[in-house]
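Going letter by letter, the sequence shown gives residues 455 to 579 in the numbering used here.
C-beta: ideal position from N, C-alpha, C; glycine also.
Notes to accompany the following structure.
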Amino acid sequence: MNYYKLVLPFGNFFLCEKFIISELHTGVHFDWPKIEMVIKNVFKFYGENTRLGYISNRINSYSVSPQDWEKAEQYNLMTGIAIVYYNYMTYLNISLEKRFLKVNFHPCLSLDEAIEWVLGLEESK
């Protein structure tokens with residue numbers, strides 16, 4: 455799998471052909487200014503009319519403002535979101551986040567499962 459690694463102060467983003475994998479640093483609060491920074495970098499790399507899957511590989515513990523996902527959806531960038539979780543607490547947080555999203559959403563137990571799911575989305579083909 456070919457990718458470009460985007461290193462930001464709050465995490466790493468692996469920009470692949472049809473999806474992005476994020477791995478945020480421990481203790482980060484992934485809020486709107488950080489999300490917007492990622493979106494700007496993604497558009498710079500792929501172009502403004504791109505549609506991609508988004509995989510959140512939650513290997514570290516961090517917080518998210520679920521209402522900020524609604525703002526991100528206005529950019530019409532994501533075909534779907536897969537979140538890889540490694541413990542029950544993260545799964546509970548994902549359940550809450552899902553309530554704020556309109557885009558396809560899938561919790562996963564492994565990165566391989568998340569990649570397979572994202573690649574299976576109709577808009578990613």
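From the DSSP output, which residues share a beta bridge with residue i?
| i | result |
| --- | --- |
| N558 | G534 |
| K472 | None, per the DSSP bridge assignment. |
| G465 | L462, L478 |
In its own chain, which residues sit with a C-beta less than 6 Å from the C-beta of residue i, not counting the 5 before and 5 after it?
| i | result |
| --- | --- |
| T536 | One point to set straight first is that residue 536 is Ala, not Thr, in the sequence displayed. Closer than 6 Å at the Cβ level, and outside the excluded window around A536, lie I509, H560, C562, A568, W571, V572. |
What is the DSSP secondary structure of residue i, reduced to helix, strand or coil?
| i | result |
| --- | --- |
| S564 | coil |
| Y529 | coil |
| Y545 | helix |
Going by beta carbon distance, what residues of the same chain come within less than 7 Å of residue i, once the five residues before and after it are set aside?
| i | result |
| --- | --- |
| K579 | Low local confidence applies: a pLDDT of 47 at K579 is under 50, so the model's placement there is unreliable, with the coordinate-based value given in what follows. Result list for K579: empty, nothing under 7 Å. |
| S617 | Nothing can be reported for residue 617, as the shown portion of the chain is limited to 455 through 579. |
| N511 | I475, S476, E477, V538, L565 |
| G465 | S476, E477, L478, H479, V482 |
Under 8 Å between C-beta atoms, does residue i make it to chain C?
| i | result |
| --- | --- |
| D485 | Absent from the structure: chain C. Only one protein chain is present. |
Quick check on this structure: which residue in the options has the alpha carbon closest to the alpha carbon of residue i?
| i | options | result |
| --- | --- | --- |
| D485 | V518, N466, L550, L469 | V518 |
| L575 | N547, G534, N541 | G534 |
| Y540 | C470, N514, F467, Y458 | N514 |
| K488 | K472, M532, P463, L469 | P463 |
Does the ligand ZN have even one heavy atom less than 7 Å from the beta-carbon of residue i?
| i | result |
| --- | --- |
| D566 | Inclusion of the ligand ZN in the displayed structure is not the case, the ligand content being empty and no account of it being possible. |
Using a Cβ-Cβ cutoff of less than 8 Å, which residues in the same chain neighbour residue i once the five nearest sequence positions on both sides are dropped?
| i | result |
| --- | --- |
| F554 | P520, Q521, W523, E524 |
Specify whether the stretch 488-504 and the stretch 552-560 touch according to this definition: at least 3 beta carbon pairs, one from each stretch, less than 8 Å apart.
Fewer than three beta-carbon pairs drawn from the stretch 488-504 and the stretch 552-560 are found closer than 8 Å, and the two stretches are therefore not classed as touching.
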